[in-house]
Amino acid sequence: MKLDLRHGRVEMNHGSGGRAMAELIEQLFAKALSNDYLAQGDDGAVLPAMSGRLVMSTDSHVVSPLFFPGGDIGSLAVHGTVNDVAVMGAKPLYLAASFILEEGFPLADLQRIVESMARAAAAADVLVVTGDTKVVEKGKGDGVFITTTSVGVARDGVELSGNRARPGDKILLSGTIGDHGMAILSQREGLSFKAPIVSDSAPLNGLIECMLDSGAQLRALRDPTRGGLATTLNELATQSGVGMRLDEAAIPVKPVVAAACEFLGLDPAYLANEGKLIAICAPADAEPLLNAMRRHPFGREAAIVGEVVEDRHRFVQMTTPMGGRRILDWLSGEPLPRIC
Amino acid sequence: MKYIDEFRDGALARQLAAAIAAEVMGGRPYRFMEFCGGHTHTISRYGLTDLLPDAIRMIHGPGCPVCVLPIGRIDQAIRLALEQRVILCSYGDCLRVPASGGLSLLKAKAQGADVRIVYAVTDALELARRNPDRQVVFLAIGFETTTPPTAVAVRQAEAEGLANFSLLCNHVLTPPAMHAILDHPAGTRLDGFVGPAHVSTVIGSRPYEPFAREYGKPVVIAGFEPLDVLQAILMLVRQTNSGRAEVENEFVRAVTPEGNRKAQALMDEVFELRDSFEWRGLGTLPRSALKLRPRFAALDAEARFGVEYVAVPDNKACECGAILRGEKRPAECRIFGSACTPDHPVGACMVSAEGACAAHYTYGRFRSV
């Protein structure tokens, strides 16, 4: 039977393991994501031998709304996991994708999501090699949830970890903060601006390769997703047992995001990003690293935003444009659920 | 944003700070209270304390509507949501406020209560329209700033005959709280007030006259931007030095002596004074809060669902009262930063980001370690 991809909807039997499920996989998933490994059609993908240290990461995606300016849950599910492997200094190679579908979800929307996922995987140069589909009754899910798992190979000699920051190290940011969080929020709140706020959702592996190629002594890379810049810096400070000093004026924020934050009483430092990274590097390498980042399309607005200091309290502090000091604390509470 | 950026100019801030430092008289302390949580937030968020001479101490006042809401009021909201199964609409800040029995609205939500975060009372009205078979209750909180929008919603609900909408009214008034601080038996050493910004756009500058005239305390109404606050502090220092006690208005771009007459008329049409109201941290204050007028009594959730207010004492370890009056600093409370943090607030001042303790913990605790 040919699936009705225009008017059809997800039905319970699309997840029951029978013929309907086979049709859905064949006509929708396998068609969009096609590659030799997926085409094997077995319970697991048999991959070629890899040499070097393997890096593996997994991430579940429950973003609402499913489609937003700059992306959708499909592309986000690729970027989220690819970036988690890439910030470990590894080249992401393969993805596994697991879908939880809600009964009644339009097949046309599912197709859009899967095709977007395929484009994102191609752009990030990774293959979706295995997957799973389950269907839950109407009302028991919210359209689509996607879990992706990525495997990559770490570059030889590259050791990155959040526990390697040392006093004196410089802190770099690859671009403007808060774009993804505000893109989602402005959709949810029905806020309209002259130009829509677009999510920064993007694969960071290309940028990271350029950074590794620059030869800079990198201590840690991390993508500030949920909890934003503030929370990620606090994680790094705690892990390394150090403090941090930032210059607030040096942190890039798009004027429209700043305006929207003002309007909603939010701080861009706590909004999620899906295409940005924080880099901590040896002080002497900061400028060359910055230049390398700025040469890449996803690092054009990169900036040195602060430095690592000794502090047994592990405070992340910021000098404000007024010249005063304040703490940039962990996110408290959960003001923005289902952002990714 | 351009309009706002002008009030956040770092160079101008340093000029103002230099002017303040030049005016401060050697040897004497200056103790000013910023009444509003909005000002507390600005001072902490921009690190303005670092720009002020040591002689100036800013005392964070009680002007944070979430902080002053007593436990018993949140208990009422939880009872409505859990027992009466209403759709309880609340501003996001109220969700984590600790209530009796280890509950909060957020925990009640996890137990199955239908608690919805709204950004404005109009969202609650919309929920009532869309759910005609459910009762929708709006947990109305706030000072004079948020009261006029609630009044509009009440009139709207009446006009539309929205029988499933009601209000748990906790609107409070600014001047009675300022009186309470100055009249407190323990005494409050204050040299002046940074007066409210948004509240004053509604009530105007006149209601502050008694604090200058009868108590001899200067009041400078200020906007919420960092340069507004610094300018107001400079004006307070000048009044203090010259022995003047006047109501001055730094926030002339938004505040007039008589305020917003239309908004005042709306409030007056819909609300009347309660005989007394319990404030967290300040105790029970006469004629300090509002309730619906009899004409709108049908929209009063307390009456509709028979949820009586039951006072619940604050945690004994809490120093909120002394902190709100400026007798103690947040870090002088035994449980500050240990048992009481923004993630697990015990006392009123830790509850909302605008509370004195939460602001100090979140932005300034490096100063007291």
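Those protein sequences? They're chains A and B, same order as listed. Going from the first sequence to our numbering is simple: count from 1 and add 35. At position 127 of the second sequence the residue is numbered 113 (our numbering), and the sequence of numbers has no breaks. We put the beta carbon where it would ideally sit given N, CA and C, even for glycine. Computed from a predicted structure; not experimentally measured.
Chain-ordered chain A contacts of residue i [CB-CB under 7 Å]
i        : result
B/Ser30  : Arg361
B/Pro328 : Ser367
B/Pro212 : Met357
B/Gly33  : Thr355, Met357, Gly359, Arg360 and Arg361
Contact with chain A by residue i, beta-carbon distance below 8 Å
i          : result
B/Asp286   : no
B/Ala(-1)  : yes
B/Asp36    : yes
B/Ile(-10) : yes
Listed by chain order, chain B residues near residue i by CB distance under 9 Å
i        : result
A/Phe350 : Arg351, Phe352 and Val355
A/Asp364 : Pro328, Tyr347, Thr348, Tyr349 and Arg351
Short CB-CB distance (under 8 Å) between residue i and chain B
i        : result
A/Asp214 : no
A/Pro356 : yes
Buried/exposed call for residue i, threshold 16 Cβ in 10 Å
i        : result
B/Lys277 : buried
B/Thr270 : exposed
A/Asn198 : exposed
A/Thr355 : buried
A/Gln75  : exposed
A/Asn326 : exposed
A/Met85  : exposed
B/Thr108 : exposed
A/Glu172 : exposed
B/Lys203 : buried
A/Leu89  : exposed
A/His348 : exposed
A/Gln146 : buried
A/Val45  : buried
B/Arg116 : exposed
A/Asp160 : exposed
B/Asn246 : buried
B/Asn235 : buried
B/Ile45  : buried
B/Asp177 : buried
B/Glu61  : First, the amino acid is wrong: residue 61 of chain B is Asp here, not Glu. It is buried - the Cβ of B/Asp61 has at least 16 other Cβ atoms within 10 Å.
Beta-carbon neighbours of residue i, restricted to chain A and to distances below 8 Å
i         : result
B/Arg(-6) : Pro356 and Met357
Any non-hydrogen atom of the ligand ZN closer than 7 Å to residue i Cβ
i        : result
B/Glu232 : This structure does not include the ligand ZN; it has no bound ligands of any sort.
For this session: Identify each residue in the segment 288 to 304 of chain A for which the Cβ-Cβ distance to at least one residue of chain D is less than 7 Å, and report them in chain order.
Result: Absent here is chain D; the protein component of the structure consists of chains A and B.
Problem set entry | Every unbroken beta strand (DSSP E) within the segment 30 to 100 of chain B, with a cutoff of 3 residues, ordered by chain | 42 to 49 and 73 to 76
For this session: Inspect the CB distances between the segment 183 to 203 of chain A and the segment 320 to 332 of chain A and report whether three or more fall short of 8 Å.
Result: no
Exercise. Taking contact to mean at least 3 C-beta pairs separated by less than 8 Å, is the segment 91 to 100 of chain B in contact with the segment 59 to 75 of chain B?
Worked result: yes
For this session: Run through the segment 298 to 370 of chain A for me and flag every whole beta strand (DSSP E) of 3 or more residues, listed as ranges in chain order.
Result: 313 to 316, 338 to 344, 351 to 354 and 360 to 362
Exercise. What runs of the beta strand (DSSP E), each 3 residues or longer, lie entirely inside the segment 65 to 103 of chain A?
Worked result: 89 to 96
For this session: Could you name each continuous alpha helix (DSSP H) segment of 4 residues or more that falls completely within the segment 107 to 164 of chain A, going from the start of the chain to the end?
Result: 108 to 121 and 142 to 158
Exercise. Can at least three beta-carbon pairs, one atom from the segment 171 to 187 of chain A and one from the segment 200 to 210 of chain A, be found at a separation below 8 Å?
Worked result: no
For this session: Would you check if there are 3 or more beta carbon pairs closer than 8 Å linking the segment 285 to 304 of chain A to the segment 225 to 236 of chain A?
Result: yes
Problem set entry | Complete runs of the beta strand (DSSP E) confined to the segment 111 to 140 of chain B [at least 3 residues] | 122 to 128
Exercise. Pairing CB atoms from the segment 305 to 315 of chain B with CB atoms from the segment 169 to 186 of chain B, are three or more of them under 8 Å?
Worked result: yes
Exercise. In chain order, which continuous runs of the alpha helix (DSSP H) of length 4 or greater are located wholly inside the segment 166 to 221 of chain B?
Worked result: 184 to 189 and 195 to 199
Exercise. Can you list, in chain order, the stretches of the alpha helix (DSSP H) that have 4 or more residues and sit fully within the segment 259 to 285 of chain A?
Worked result: 263 to 275
Exercise. Quick check: the segment 32 to 42 of chain B against the segment 250 to 261 of chain B, are there 3 or more CB pairs under 8 Å?
Worked result: no
For this session: Answer yes if the segment 179 to 192 of chain B comes into contact with the segment 283 to 301 of chain B, meaning at least three C-beta pairs across the two stretches below 8 Å, and no otherwise.
Result: no
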